[in-house]
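Some notes on the structure that comes next.
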Amino acid sequence: MSSQTAARLDGLLPELEVIRADFPILSRTLADGQPLVYLDSANTSQKPQCVIDAMVDHLERHNANVARAMHQLGAESSEAFEAARDKVAAFIGAPSRDEVLFTKNASEALNLVANTLAWARGPLEVGEGDEIVITEMEHHSNIVPWQLLTQRTGATLRWFGLTDEGHLDLSAVDDLITERTKVVSLTWVSNMLGTVNPVAAITKRAHEVGALVVVDASQAAPQLPIDLAAMPEDERPDFLAFTGHKVVGPTGIGVLWGARAVLEALPPFLGGGEMIETVRMESSTYAGIPHKFEAGTPPIVEAVGLGAAVDYLSAVGLDAVHAHEQALTGYALEGLATVPGLRVLGPLDARERGGAISFEIDGVHPHDVAQVLDVRGIAVRAGHHCARPAHARFGVQSSTRMSSYLYTTPTEIDALVEALHYTRSYFKL
Amino acid sequence: MSSQTAARLDGLLPELEVIRADFPILSRTLADGQPLVYLDSANTSQKPQCVIDAMVDHLERHNANVARAMHQLGAESSEAFEAARDKVAAFIGAPSRDEVLFTKNASEALNLVANTLAWARGPLEVGEGDEIVITEMEHHSNIVPWQLLTQRTGATLRWFGLTDEGHLDLSAVDDLITERTKVVSLTWVSNMLGTVNPVAAITKRAHEVGALVVVDASQAAPQLPIDLAAMPEDERPDFLAFTGHKVVGPTGIGVLWGARAVLEALPPFLGGGEMIETVRMESSTYAGIPHKFEAGTPPIVEAVGLGAAVDYLSAVGLDAVHAHEQALTGYALEGLATVPGLRVLGPLDARERGGAISFEIDGVHPHDVAQVLDVRGIAVRAGHHCARPAHARFGVQSSTRMSSYLYTTPTEIDALVEALHYTRSYFKL
Amino acid sequence: MSAELDSLYQEIILDHYKNPHHKGLRDPYEAEVHHVNPTCGDEVTLRVHVADGVVADVSYDSVGCSISQASASVMTDLVIGKPVAEAMAVHEEFLALMQGKGTVEPDEEVLEDGIAFAGVAKFPARVKCALLSWMAWKDATTRSLEETP
Amino acid sequence: MSAELDSLYQEIILDHYKNPHHKGLRDPYEAEVHHVNPTCGDEVTLRVHVADGVVADVSYDSVGCSISQASASVMTDLVIGKPVAEAMAVHEEFLALMQGKGTVEPDEEVLEDGIAFAGVAKFPARVKCALLSWMAWKDATTRSLEETP
Ligand SMILES: Cc1ncc(COP(=O)(O)O)c(C=O)c1O
Ligand SMILES: Cc1ncc(COP(=O)(O)O)c(C=O)c1O
């Protein structure tokens, strides 16, 4: 488990030190002069200089409102904003750039779908007798919107359970996905268990019964190459949501991709400037997509930052990022296995999972683990990671989670593992 | 109308050149080496260096998710985020800082109220027979949400008309605000006509009949001192909304202030992380305010920027900003009066209005006016400024709008007026 | 500065703006559409009458800037009397000119007065103005054809 | 590093964590509450029995970190048997200590084992852990008093 071993790890990004130098915060020192070991990227990722610079350049030189402003600054700002949409569309291989909507975060993107379905009339209408299917490993942001929808429409919420290994229990698929199913909403990669779900197979099954499929790609977009246009149509979800701040972009922006036909059939979400065609006091007509779903001044400088972020990730290459994550995850799983009394929640094979690893240690509460690590400069997350039902499924109230990203080194994993050994000894275990 | 006259204008900010130096974009040159004359601040304001620097410092040194992250960076980020809430609360004199909710923009803030009312049950429930009252001078973002609410609940939408001078026609107040009124929502300052509305009197009247009052302060917050706590309780609105990018802050953040009792009585808006207390698959319970209404990762770096922005405005002093705006508005109204065929839409007395002035010029379409100005480096807005009904009221389809702010100089107004004369001659009028 | 403006506001454009051709709504027609530019509020109501595969008449009522008004006028000159397929080809050619960012050389044979809009292509914010009535015409014509089997 | 940790994890705290006092839910009680720290998931279910103006019993069931568990244990030691008003005063004192960011000197006379939490006040993220059961106790006691006129 020495850094000699680490350096020989297959799949690591070759120019890791160059990449690290792109992220100013990584050279920060914490209390007591500790270097920062940031292992909380599934919570939010750090930002490379190029993203920060793009935002600063926009604010210092091109700031203006978009669409509505016809002057030179307005044209520059609008162009930068719409260019960001093009970049994001390319990042996920969207069949059409107009299908890419900017929201404030992934949570809003998921709520947008649930809310517009609540008001839809006609074929998309949700009501009594209809069923919405989610899974027990969802983030709260992909649970609560559907609870609200079903409570408000009289529909029924159902969910996939989990196997002891942390996979979806697919044995019940034919019972769960039926003619009554209107929507199946699931995460691509679990933010707690790390599990990568068989999104294509489930989508295909859901489409057979005429259900819409919503994929929460908040943890997938940072680490898996996504190419919607390349997916066979019956395996392509109808919606895909992710959030800017986890793909090295800023907060304040999220993305919802939706298939054109569905977006066009849905009623508007928020009403206001930009989403209208004509407004009369009596009633209004609405703009086409994407604007129909973007009421008010959009997150302009955030889109500029997000555009720079996905460009940065694409330049590194999502295949390379994914290989790096897998290498580190495998290395971390090995290291964690050396800590007595430590139990990993979720799949133990790095090839079946993403880069977030949640675990418990017998006799030390996750808070206390995280506290000891923090004093050593190691940032991890402790709690239920907004996935309380998944924790309940495994009989735990909370866990400690380490999560790596493209700037994480094996040496940082070594530091984590050593600190966990220290934690046990500190608490006299 | 020379700059000699201008220099003697009463009420101008004394250190105007120092303030201008705080805004990097103002020293930019446009095509053909033209200096920028930015007269589109009612659309979006420019950003001072301190706001940009605060955001950069956050991204480069303190970036982490808030609330959920317990490590050192997480504590720093959470503290910065919640400190921004304190600053915003102080900026508007909120009776309690927990009543300050962060949204993505003013539009979302207004939709939040309309949406939660759509789902409210009990005393706040809106249904057939109930009435929502708005005005004909609202921004689309304060019209469409109420159209959607009334269409969806069967309630009736009514509105104040306008006088020829651009004031609310208050003669109908007793007919409009009645026992049937559930909500009165109106703008404090019109973004098109500049009119400052008698918010206190209308609020008092609405409270007498038990209606809730929503004030759209998007144009008021940038230029009027606001002190909610100092208002007599019956004259204090129940909600106040504004947007970050118009108060020298970034895009991607808006503010909704709401009275605690009402916020607590309303159902949640968006569901997800941060807004919950306990999540079970069957159902969830929700956090207290403000978190109940802030689902998902909030606009963290945007809050940091907005905090710096309101600190900047407070340091200059809102009274001083207001006096500056009034001086410039008066000066601009005089200048515009020298342009033949020019008609100002809205009150002609600077003391009765805000700093946005919309006008038409006989024989030249607003687009064409804005185009000629733009070639001379002068940025104004042309169109309906998201206030189509107000334009229709005055029988016009669109107008040209100039809007000043604390960095605007009389010399820039001179440049505008001269360019308008040139526009007429260019189009051979 | 004036040179830049002159490249946008060609005499031909200002002439059509002041004296628009074929303006006003007329019968007969198979389809009427209403198009809006939501950002600026320009609006056009437009009717198309197709007879024997020929664009027999295009009539319209509109409010908007010089570019959008002149464009409607020039458009009617170009399409009225042409077989639908040929008119659509002219539409394509105009669209290509507008979206060319100033790099497309206009063909006077095809576009006639429409070549005056070449300068508009260099003003991205105004391209929508120039296209408003053309888009409305295409929409209405497609609907007309659906109406008349 | 270890010194910093030691200021947080005092022996007294770790002892209460390993052997919590008064744990488990008991009868009789007038009010039962359930409090949660939504950010980390720590939970406590807590019952209060008030008799003749005295906190006769406090029983609880809880999951959470060492700080939140030890705090519940210490709290029950401090309030059980005290007149309500006196117990509330202890609560106030503990609250002031926790919110003092490490600047408040704890009074051992009043807080007894509670003084061990002085170090927690320097860790803002952990203050909520230390306060969870105290807040639940206050809530339940207030409700108990409403129940028993
Ligand atoms: C009066 C008024 N209300 C609401 C808004 C909407 O603000 P935003 O676009 O930031 O949501 C604006 C500005 O566009 C405005 O001027
Ligand atoms: C799987 C998953 N879904 C949704 C979210 C919500 O993202 P946000 O908080 O940016 O809305 C997150 C991250 O917090 C996540 O990990």
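Residue numbers (the numbering used here), protein chains in the order written: chain S, 1 to 429; chain Y, 430 to 858; chain V, 859 to 1007; chain D, 1008 to 1156.
Idealized CB from N, CA, C, for every residue including glycine.
Close to chain S, meaning a Cβ-Cβ distance shorter than 8 angstroms, are the following residues of the region 1045-1058 of chain D: Thr1046, Cys1047, Gly1048, Asp1049 and Glu1050. When the beta-carbon positions are compared, Y/Ala646 and Y/Phe671 come within less than 7 angstroms of each other.
Taking CB atoms only, S/Met281 has no neighbour in chain V less than 7 angstroms away. Here D/His1028 carries a coil assignment [DSSP, helix/strand/coil]. Taken atom to atom, the span from the alpha-carbon of V/Gly977 to that of V/Glu967 is near 18 angstroms. Rounded to the nearest whole angstrom, the CA to CA distance from V/Gln927 to V/Val948 is 18 angstroms. In the DSSP assignment, S/His167 falls outside any alpha helix (DSSP H), carrying neither H nor E. For S/Lys292, there are no C-beta contacts with chain Y under 8 angstroms, since the nearest C-beta of that chain is about 11 angstroms from it.
As computed with DSSP, Y/Ser832 is found in a beta bridge with Y/Asp469 and Y/Ala785. Placement of the Cβ of D/Gln1106 at a distance of 6 angstroms or more from every heavy atom of ligand 2 is found.
Cα atoms of Y/Gly590 and Y/Arg634: separation of roughly 17 angstroms, rounded to the nearest angstrom.
Among the CB atoms of chain Y, one or more fall inside 7 angstroms of the CB of D/Pro1131. Counting the other CB atoms within 10 Å of its CB gives Y/His850 a total below 16, which places it among the exposed residues. Between Y/Asn472 and Y/Ser787 the beta-carbon gap is near 12 angstroms, outside 8 angstroms, which marks them as no contact. Within chain S, the C-beta atoms nearer than 7 angstroms to that of V/Val894 come from Glu277 and Thr278, in chain order.
Listed along chain D is no residue with a C-beta nearer than 9 angstroms to that of S/Gly395; the closest approach is about 11 angstroms. The residue among Y/Glu511, Y/Ala640 and Y/Leu553 with its C-alpha nearest the C-alpha of Y/Gly736 is Y/Glu511.
Chain-ordered, the chain V residues with CB closer than 7 angstroms to the CB of Y/Tyr855 read Leu863. The beta-carbon of Y/Asp797 is placed no less than 7 angstroms from the nearest beta-carbon of chain S. Counting only Cβ-Cβ distances below 8 angstroms, S/Gln46 has contacts in chain Y at Asn492, in chain order. Annotated three-state conformation of Y/His720 is helix, per DSSP. Boundaries of the beta strand (DSSP E) harbouring S/Tyr286: Ser284 to Tyr286, taken from the DSSP string. Look at the region 561-594 of chain Y: it has no residue with a C-beta under 8 angstroms from a C-beta of chain D. Restricting attention to beta strand (DSSP E) runs no shorter than 3 residues, the region 659-706 of chain Y encloses them at 668-672 and 683-687, ordered along the chain. Checking the DSSP bridge columns, you'll see D/Ala1058 partnered with D/Val1061. Residue burial is scored here from C-beta neighbours: V/Ala861 has fewer than 16 other C-beta atoms within 10 angstroms and is therefore classed as exposed.
Under a 10 Å Cβ-count criterion, D/Gln1106 is classified as exposed, with fewer than 16 other Cβ atoms of the shown protein chains found around its own Cβ.
Taking the beta carbon of Y/Gln648 as reference, no residue of chain S falls within 8 angstroms; the closest one sits roughly 13 angstroms away. Taking the Cβ atoms as the reference, Y/Pro719 lies roughly 42 angstroms from Y/Leu438, outside the contact range of under 8 angstroms.
Assignment of beta strand (DSSP E) within the region 722-807 of chain Y, counting only whole runs of 3 or more residues, yields 771-774 and 785-790 in chain order. Counting the other CB atoms within 10 Å of its CB gives Y/Gln580 a total below 16, which places it among the exposed residues.
The C-beta of S/Lys246 has 16 or more other C-beta atoms within 10 Å across all chains shown, which makes the residue buried. Per DSSP, the beta-bridge partners of D/Ser1069 are D/Val1051. Residues of the region 1066-1080 of chain D whose Cβ lies closer than 9 angstroms to any Cβ of chain S, in chain order: Val1070, Gly1071, Cys1072, Ser1073, Ile1074, Ser1075 and Gln1076. Against S/Pro123, chain Y offers no close residue; the least beta-carbon distance is about 19 angstroms (beta-carbon pairs closer than 7 angstroms).
Following the DSSP letters along the chain, one finds S/Thr409 in no beta strand (DSSP E), marked with neither H nor E.
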